[in-house]
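Asks: Residue numbers (full-length UniProt numbering), protein chains in the order written: chain A, 1 to 95; chain B, 1 to 152.
Beta carbons: idealized from backbone N, C-alpha and C, even for Gly.
Below are the structure tokens for one structure; questions will follow.
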């Protein structure tokens, strides 16, 4: 899993409600509530930015956000876990 | 997204969670002062961050068995059915008579999954009815019921 590249399944409309991103996934007809940092990770591998490995996703997130001194390994672990969750939901696929 | 509000809430939550952990507070304070970039809180590993709301159609376990499909739809009431499911005028050659009652979800399910005939019908009729339902489109009477049955 470490070096696999992932990409968001499609450009998905998203609205923010009560701190959650609400995403409708047309392919499955399911609606998902995403808590931070999942929407940010999803945006980092959106169709406009292309597929990325977990390490590349960490780099993209660092470029976009201040992560309060989190070590790369810790960020990568969280990213890998969130990517697995997103893949299971169908929002993200291996590229 | 209303990032500002989200970040503010996340910051407050993090500080609440930190409690008397002074060094953490100090670092966050310094970070906020030194940078205008948005803060991304990673959250706890192991906690699920995705909640999926299944399509309402797939959850309608009880209604699947009780919903009904008029064959053909009321707008074409009285029409007969060809083997491919198209609706034609009554007594058209090779067409079959439609059911006198709307088909019930349970009957449709058994016909689809087990190949059973609808009560009181011939195999030709059952197949024409199924073909008709397969051609239903969103907005036509019975479409939602049929999708629900197939989604089960």
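State yes or no: is the beta carbon of residue 87/B nearer than 8 Å to at least one beta carbon in chain A?
Replies: Judged by the 8 Å Cβ criterion, residue 87/B is not in contact with chain A.
Asks: Residue 104/B to residue 114/B, Cα distance in whole Å?
Replies: Answer to the nearest angstrom: the Cα atoms are 15 Å apart.
Asks: Can you tell me the Cα-Cα spacing of residue 91/B and residue 31/A, whole angstroms?
Replies: Rounded to whole angstroms, residue 91/B to residue 31/A spans 47 Å at the Cα level.
Asks: Can you find at least 3 beta carbon pairs, one from the segment 40-59 of chain A and one from the segment 72-84 of chain A, that sit closer than 8 Å?
Replies: The segment 40-59 of chain A vs the segment 72-84 of chain A: in contact.
Asks: Just mark residue 77/B as buried or exposed, buried being the case when its beta carbon has 16 or more other beta carbons within 10 Å.
Replies: Exposed: under 16 other Cβ atoms inside 10 Å.
Asks: Looking at chain B, is there any beta carbon in it that lies within less than 8 Å of the beta carbon of residue 72/A?
Replies: Closer than 8 Å: no.
Asks: So which of 99/B, 43/B and 67/B has the shortest CA-CA distance to residue 129/B?
Replies: Of the listed residues, the one whose Cα sits closest to residue 129/B is 99/B.
Asks: Using CA coordinates, which residue listed in 75/B, 53/B and 37/B is at the minimum distance from residue 154/B?
Replies: Here chain B comprises residues numbered 1 to 152, so residue 154/B is not present and cannot be evaluated.
Asks: Identify which residue in 37/B, 42/B and 50/B has its Cα closest to the Cα of residue 21/A.
Replies: Among 37/B, 42/B and 50/B, the Cα nearest to that of residue 21/A belongs to 50/B.
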